[in-house]
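There are 2 protein chains.
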Amino acid sequence: MAKDLFHDCVKAALESDDWQVTHDPYRLIATRRDGKKVGIPIDLGAERIFAAERGEEKIAVEVKSFLRASIVNEFHRAIGQYLMYRVGLRSQENDRLLFLAIPARIAEDIVDLDLLQASFEAYSINILIFDPENCRITQWIKH
Amino acid sequence: MAKDLFHDCVKAALESDDWQVTHDPYRLIATRRDGKKVGIPIDLGAERIFAAERGEEKIAVEVKSFLRASIVNEFHRAIGQYLMYRVGLRSQENDRLLFLAIPARIAEDIVDLDLLQASFEAYSINILIFDPENCRITQWIKH
Chain A
41 MAKDLFHDCV KAALESDDWQ VTHDPYRLIA TRRDGKKVGI PIDLGAERIF
91 AAERGEEKIA VEVKSFLRAS IVNEFHRAIG QYLMYRVGLR SQENDRLLFL
141 AIPARIAEDI VDLDLLQASF EAYSINILIF DPENCRITQW IKH
Chain B
41 MAKDLFHDCV KAALESDDWQ VTHDPYRLIA TRRDGKKVGI PIDLGAERIF
91 AAERGEEKIA VEVKSFLRAS IVNEFHRAIG QYLMYRVGLR SQENDRLLFL
141 AIPARIAEDI VDLDLLQASF EAYSINILIF DPENCRITQW IKH
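Protein chains in written order, with the working numbering: chain A, 41 to 183; chain B, 41 to 183.
Below you can see the structure in the form of structure tokens.
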């Protein structure tokens, strides 16, 4: 399944749980020293984030496909992106929770290695686990 | 300058400042659920970390070359790797400080974008800035 299909799969999964996708992509703005505002470029493997709402709940979601060979390397990119986006999100829209969406099979691999699991906990990374076969959310984990 | 040259350049820079490089690579050990210990694989663009000592001071250093096209994407990988390694280092050898070594030109680009700079501060990332032309440390930043 290609990267964009995972993205669409998680959107569909949320919509079937009564979430409304409100922004895709959801844009984070950074500021240069000269005062110029710039969108954080989404490029070269960095996933675009989308935003959704359900009642009072507001979330932003970074979908990781983990399609590359190395799970550890993909994990680095995933948490690095997540943590930087969280910094931006907190100043931009503090009541919107950021989730990292990962396929169920990859979540199993991550839980298997204590250092990966401990990193999720150490940095309070919120996880949304989905089944890419039927596009359903299987677990929400708030750290 | 190729990636390994940056690595060797930072080692030389530290040695000229009376640091002794004690481990290259410095290995972090993770544990699987079945109890098996495994080295964290260094692969596909993940830099190998080395360790150095000077008197009572002990550090581990992750050298980032930022040779790829996208500084933001490289930044994600760099802080993701740094933060995961810090989790491992704290349980393995709590008195060894982890530094992210980055070339001076890249440090300028990072400081220019508030979201990148704010991420360094938010996650207390220690930085070692080096000049790749003459292999000298130009600045230590402890967050």
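Cβ coordinates follow ideal geometry from the N, Cα and C atoms, glycine included. Here the structure is a predicted model, which is why all the values come from computation and not from measurement.
**Prompt:** Which residues in the same chain have their Cβ closer than 8 angstroms to the Cβ of D83/B, if we skip the five residues on either side of it in sequence?
**Reply:** The sequence position of residue 83/B within the second sequence is 43, counting from 1. Confidence is the limiting factor: at D83/B the pLDDT is only 49, short of 50, which leaves the residue's position unreliable and the question unanswerable from this model.
Nearest candidate by alpha-carbon position, reference H63/A, set G79/A, V78/A and V101/A: The residue you call residue 63/A lines up with position 23 of the first sequence. When each option's Cα is compared against that of H63/A, the closest is V101/A.
Item to complete: Identify the contact partners of R72/A in chain B, using a Cβ-Cβ distance below 8 angstroms as the criterion.
Response: If you number the first sequence from 1, residue 72/A lands on position 32. Ordered by position in chain B, the residues that pass the 8 angstroms Cβ test against R72/A are D152, L153 and D154.
query = Listed in chain order, which residues of the stretch 116-138 of chain B have Cβ atoms closer than 9 angstroms to some Cβ of chain A?
reply = H116, R117, A118, I119, G120, Q121, Y122, L123, M124, Y125, R126, V127, G128, R130 and S131
What did DSSP end up calling R94/B once you bin it into helix, strand or coil? Mapped onto the second sequence, residue 94/B falls at position 54. Strand, per DSSP.
Worksheet item: When we look at the beta-carbon of K104/B and count the other beta-carbons within 10 Å, is it buried (16 or more) or exposed?
Response: Stepping through the second sequence from its first residue, residue 104/B is reached at position 64. Counting Cβ neighbours within 10 Å, K104/B comes out buried, since at least 16 surround it.
- Query: Buried or exposed: V248/B, going by 16 or more other Cβ atoms within 10 Å of its Cβ?
  - Reply: Residue 248/B lies beyond the range of chain B shown here (41 to 183); nothing can be said about it.
I'd like to know if V112/B contacts chain A, where contact means its C-beta is closer than 8 angstroms to some C-beta of that chain.
Translated into the one-based positions of the second sequence, residue 112/B becomes position 72. Chain A contact via Cβ: present.
### Query
When we look at the beta-carbon of W180/A and count the other beta-carbons within 10 Å, is it buried (16 or more) or exposed?
Sequence index remark: in the first sequence, residue 180/A carries index 140 (1-based). Label assigned to W180/A: exposed.
| message | With distance defined between alpha-carbon atoms, name the residue in H47/A, D57/A and G128/A nearest to R88/A. | response | Position 48 of the first sequence, counted from the start, is the residue given in the question as residue 88/A. R88/A has its Cα closest to that of H47/A, out of H47/A, D57/A and G128/A.
So, do the stretch 132-142 of chain B and the stretch 93-100 of chain B have three or more beta carbon pairs nearer to each other than 8 angstroms? yes
message: Is there a C-beta anywhere in chain A that falls below 8 angstroms from the one on Y163/B?
response: On the second sequence, position 123 is the one that residue 163/B refers to. So yes, Y163/B belongs to the interface.
Q) Residues of chain A with a CB under 7 angstroms from the CB of I80/B: which are they? A) Position 40 of the second sequence, counted from the first residue, corresponds to residue 80/B. Neighbours of I80/B on chain A, chain order: V112 and L155.
For this session: Please report the residue range of the beta strand (DSSP E) in which N166/B lies.
Result: If you number the second sequence from 1, residue 166/B lands on position 126. Where N166/B is concerned, the enclosing beta strand (DSSP E) stretches over N166 to D171.
- Which whole-angstrom value describes the C-beta separation of L123/B and L140/A, a residue pair presumed to lie in contact below a C-beta threshold of 8 angstroms? Within the second sequence, the letter at position 83 stands for residue 123/B. Within the first sequence, the letter at position 100 stands for residue 140/A. The pair is not a contact, with the Cβ atoms about 14 angstroms apart (cut-off 8 angstroms).
ask   = Are the beta-carbon atoms belonging to H116/B and R176/A less than 8 angstroms from one another?
value = By one-based count along the second sequence, residue 116/B stands at place 76. By one-based count along the first sequence, residue 176/A stands at place 136. No, these two residues do not count as a Cβ contact at 8 angstroms.
- Task: May I ask which residues mark the beginning and end of the alpha helix (DSSP H) holding L155/A?
- Result: One-based indexing of the first sequence puts residue 155/A at position 115. It spans D154 to A162 - the alpha helix (DSSP H) in which L155/A sits, taken as one unbroken run.
- [ ] Could you say which of S110/B, V61/B, H183/B and A162/B lies nearest to I146/B if we only look at CA atoms?
- [x] One-based indexing of the second sequence puts residue 146/B at position 106. Nearest of S110/B, V61/B, H183/B and A162/B to I146/B, Cα basis: S110/B.
Rounded separation between R126/A and Q157/B - CA only
Here residue 126/A is taken as the residue at index 86 of the first sequence, counted from 1. Here residue 157/B is taken as the residue at index 117 of the second sequence, counted from 1. Roughly 13 angstroms between the two C-alpha positions.
For a quick check, are the C-beta atoms of L54/A and A92/A less than 8 angstroms apart? Within the first sequence, residue 54/A is the residue found at index 14, counting from 1. Within the first sequence, residue 92/A is the residue found at index 52, counting from 1. Yes.
Q | Minimum Cβ-Cβ distance from S105/B to chain A less than 8 angstroms | A | Taking the second sequence and counting its residues from 1, the one referred to as residue 105/B is at position 65. It does not; no Cβ of chain A falls within 8 angstroms.
With DSSP run on the structure shown, which of helix, strand or coil describes K76/B?
Walking along the second sequence from the start, residue 76/B turns up at place 36. The answer is coil: DSSP assigns K76/B none of H, G, I, E or B.
**OP:** With DSSP as the reference, label F139/B as helix, strand or coil.
**Re:** Here residue 139/B is taken as the residue at index 99 of the second sequence, counted from 1. Correct three-state label for F139/B: strand.
* Starting from the C-beta of H183/A, find all residues in its chain whose C-beta is less than 7 angstroms away, skip the five residues before and the five after it, and write them out in chain order. => If you number the first sequence from 1, residue 183/A lands on position 143. Counting only Cβ-Cβ distances below 7 angstroms, and skipping sequence neighbours, we find F160, E161, S164, I165 and N166.
* Any Cβ of chain B within less than 8 angstroms of the Cβ of S159/A? -> Within the first sequence, the letter at position 119 stands for residue 159/A. It does; some Cβ of chain B falls within 8 angstroms.
Neighbour-count burial assignment, I169/A, 16 or more Cβ in a 10 Å radius:
As a position in the first sequence, residue 169/A is number 129, starting the count at 1. With at least 16 other beta carbons inside 10 angstroms of its own, I169/A counts as buried.
Check this for me: beta carbons of L129/B and L68/B, under 8 angstroms apart or not?
Taking the first residue of the second sequence as 1, we reach residue 129/B at position 89. Taking the first residue of the second sequence as 1, we reach residue 68/B at position 28. It is a contact, given that the beta carbons lie within the stated cut-off.
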